[in-house]
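Sequential numbering from 17 applies to the sequence shown in my numbering.
Note that the Cβ used here is the ideal one computed from N, Cα and C, for glycine as well.
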Amino acid sequence: LAEAQWISNAYALTLSALILAGGAPGDRFGPRRAFVTGIALFIAASLACALAPNPAVLIGFRAIQGIGAAIMVPGSLAIIAKAYPKKERGRAIGIWAAASALTTALGPVLGGFVLSTFGNGVWRAI
(Lines of atoms letter the chains of each structure in order from A and count residues from 1; the text may use other names and numbers.)
(Lines give C-alpha, C1' and ligand atoms only; values in the text may rest on other atoms or scores of the structure.)
Protein backbone atom coordinates (compact mmCIF):
# COMPACT_ATOMS: atom_id res chain seq x y z
CA LEU A 1 0.00 0.00 0.00
CA ALA A 2 2.84 2.42 0.78
CA GLU A 3 4.32 1.87 -2.68
CA ALA A 4 0.93 2.52 -4.29
CA GLN A 5 0.66 5.81 -2.42
CA TRP A 6 4.13 6.89 -3.56
CA ILE A 7 3.32 5.96 -7.15
CA SER A 8 0.56 8.55 -7.04
CA ASN A 9 2.29 11.02 -4.73
CA ALA A 10 5.59 11.18 -6.65
CA TYR A 11 3.75 12.73 -9.58
CA ALA A 12 1.61 15.06 -7.50
CA LEU A 13 4.50 16.27 -5.35
CA THR A 14 6.82 17.12 -8.23
CA LEU A 15 4.02 18.76 -10.19
CA SER A 16 2.97 20.84 -7.19
CA ALA A 17 6.51 21.77 -6.20
CA LEU A 18 7.59 22.81 -9.69
CA ILE A 19 4.49 24.28 -11.32
CA LEU A 20 5.42 27.90 -10.56
CA ALA A 21 8.93 27.40 -11.92
CA GLY A 22 7.42 25.53 -14.87
CA GLY A 23 6.22 28.81 -16.36
CA ALA A 24 9.79 30.09 -16.78
CA PRO A 25 10.60 27.98 -19.87
CA GLY A 26 7.49 29.39 -21.54
CA ASP A 27 8.62 32.93 -20.75
CA ARG A 28 12.09 32.24 -22.07
CA PHE A 29 11.44 30.01 -25.10
CA GLY A 30 7.76 30.60 -25.83
CA PRO A 31 4.67 28.77 -24.58
CA ARG A 32 4.37 26.44 -27.56
CA ARG A 33 7.95 25.22 -27.23
CA ALA A 34 7.58 24.75 -23.47
CA PHE A 35 4.28 22.92 -23.93
CA VAL A 36 5.77 20.54 -26.50
CA THR A 37 8.83 19.96 -24.30
CA GLY A 38 6.62 19.22 -21.29
CA ILE A 39 4.49 16.78 -23.27
CA ALA A 40 7.57 15.07 -24.71
CA LEU A 41 9.05 14.62 -21.23
CA PHE A 42 5.70 13.40 -19.90
CA ILE A 43 5.30 10.87 -22.74
CA ALA A 44 8.88 9.61 -22.40
CA ALA A 45 8.39 9.17 -18.65
CA SER A 46 5.05 7.43 -19.28
CA LEU A 47 6.71 4.92 -21.58
CA ALA A 48 9.45 4.41 -18.99
CA CYS A 49 6.75 3.83 -16.35
CA ALA A 50 5.26 1.08 -18.49
CA LEU A 51 8.67 -0.60 -18.69
CA ALA A 52 9.64 -0.10 -15.04
CA PRO A 53 10.89 -3.39 -13.59
CA ASN A 54 9.72 -2.63 -10.06
CA PRO A 55 7.72 -0.11 -8.04
CA ALA A 56 10.80 1.91 -6.97
CA VAL A 57 11.75 2.64 -10.58
CA LEU A 58 8.10 3.36 -11.37
CA ILE A 59 8.02 5.93 -8.56
CA GLY A 60 11.09 7.66 -10.02
CA PHE A 61 9.55 7.88 -13.48
CA ARG A 62 6.27 9.13 -12.00
CA ALA A 63 8.28 11.99 -10.47
CA ILE A 64 9.70 12.74 -13.93
CA GLN A 65 6.15 12.78 -15.28
CA GLY A 66 5.41 15.46 -12.69
CA ILE A 67 8.32 17.55 -14.00
CA GLY A 68 6.96 17.27 -17.54
CA ALA A 69 3.48 18.24 -16.37
CA ALA A 70 4.89 21.21 -14.42
CA ILE A 71 6.29 22.54 -17.71
CA MET A 72 3.25 21.56 -19.79
CA VAL A 73 0.48 23.07 -17.63
CA PRO A 74 1.64 26.72 -17.67
CA GLY A 75 2.40 26.39 -21.38
CA SER A 76 -1.09 25.08 -22.09
CA LEU A 77 -2.70 27.97 -20.22
CA ALA A 78 -0.55 30.50 -22.08
CA ILE A 79 -1.54 28.92 -25.40
CA ILE A 80 -5.23 29.08 -24.45
CA ALA A 81 -4.85 32.72 -23.39
CA LYS A 82 -3.34 33.60 -26.78
CA ALA A 83 -5.73 31.45 -28.83
CA TYR A 84 -9.01 32.85 -27.51
CA PRO A 85 -10.26 36.42 -27.57
CA LYS A 86 -10.71 38.04 -24.18
CA LYS A 87 -14.48 37.53 -24.31
CA GLU A 88 -14.16 33.72 -24.73
CA ARG A 89 -11.01 33.17 -22.67
CA GLY A 90 -12.75 32.59 -19.33
CA ARG A 91 -14.93 29.86 -20.78
CA ALA A 92 -11.97 28.17 -22.48
CA ILE A 93 -9.91 28.20 -19.28
CA GLY A 94 -12.94 26.95 -17.34
CA ILE A 95 -13.30 23.97 -19.67
CA TRP A 96 -9.55 23.31 -19.36
CA ALA A 97 -9.77 23.45 -15.55
CA ALA A 98 -12.82 21.18 -15.43
CA ALA A 99 -11.14 18.60 -17.66
CA SER A 100 -7.99 18.75 -15.52
CA ALA A 101 -9.95 18.29 -12.30
CA LEU A 102 -11.99 15.44 -13.74
CA THR A 103 -8.97 13.50 -14.96
CA THR A 104 -7.11 14.14 -11.70
CA ALA A 105 -10.06 12.76 -9.73
CA LEU A 106 -10.80 9.80 -11.99
CA GLY A 107 -7.22 8.60 -12.55
CA PRO A 108 -6.62 7.14 -9.08
CA VAL A 109 -10.15 5.72 -8.91
CA LEU A 110 -9.83 3.94 -12.25
CA GLY A 111 -6.30 2.80 -11.40
CA GLY A 112 -7.51 1.36 -8.10
CA PHE A 113 -10.39 -0.36 -9.84
CA VAL A 114 -8.06 -1.98 -12.38
CA LEU A 115 -5.68 -3.16 -9.64
CA SER A 116 -8.43 -4.54 -7.41
CA THR A 117 -10.24 -6.20 -10.31
CA PHE A 118 -7.33 -7.65 -12.27
CA GLY A 119 -4.60 -7.94 -9.63
CA ASN A 120 -1.16 -6.47 -9.09
CA GLY A 121 0.22 -8.05 -12.26
CA VAL A 122 -1.43 -5.41 -14.44
CA TRP A 123 0.14 -2.32 -12.83
CA ARG A 124 2.06 -1.57 -16.05
CA ALA A 125 -1.23 -1.02 -17.88
CA ILE A 126 -2.09 1.77 -15.48
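Exposed or buried, which one is residue i when buried takes at least 16 other CB atoms within 10 Å?
i: Gly38; result: buried
i: Thr119; result: exposed
i: Ile87; result: buried
i: Ser92; result: buried
i: Leu57; result: buried
i: Ala26; result: buried
From the options, pick the residue whose C-alpha is nearest to that of residue i; which is it?
i: Ser24; options: Tyr100, Gly128, Val89, Val52; result: Gly128
i: Gln21; options: Asp43, Gly42, Phe45, Arg78; result: Arg78
i: Leu31; options: Leu131, Ala94, Gln81, Ala18; result: Gln81
i: Ala28; options: Gly76, Ala108, Pro41, Ala40; result: Gly76
i: Ser62; options: Gly84, Arg44, Ala50; result: Gly84
i: Ala18; options: Pro71, Ile109, Ile35; result: Pro71
So what's residue i in DSSP terms, helix, strand or just coil?
i: Tyr27; result: helix
i: Pro41; result: helix
i: Pro101; result: coil
>> Using 8 Å as the cut-off, can you tell me whether the region 60–69 makes contact with the region 90–99, which would need three or more C-beta pairs spanning the two stretches below that distance?
In response: Too few Cβ pairs lie closer than 8 Å, so no.
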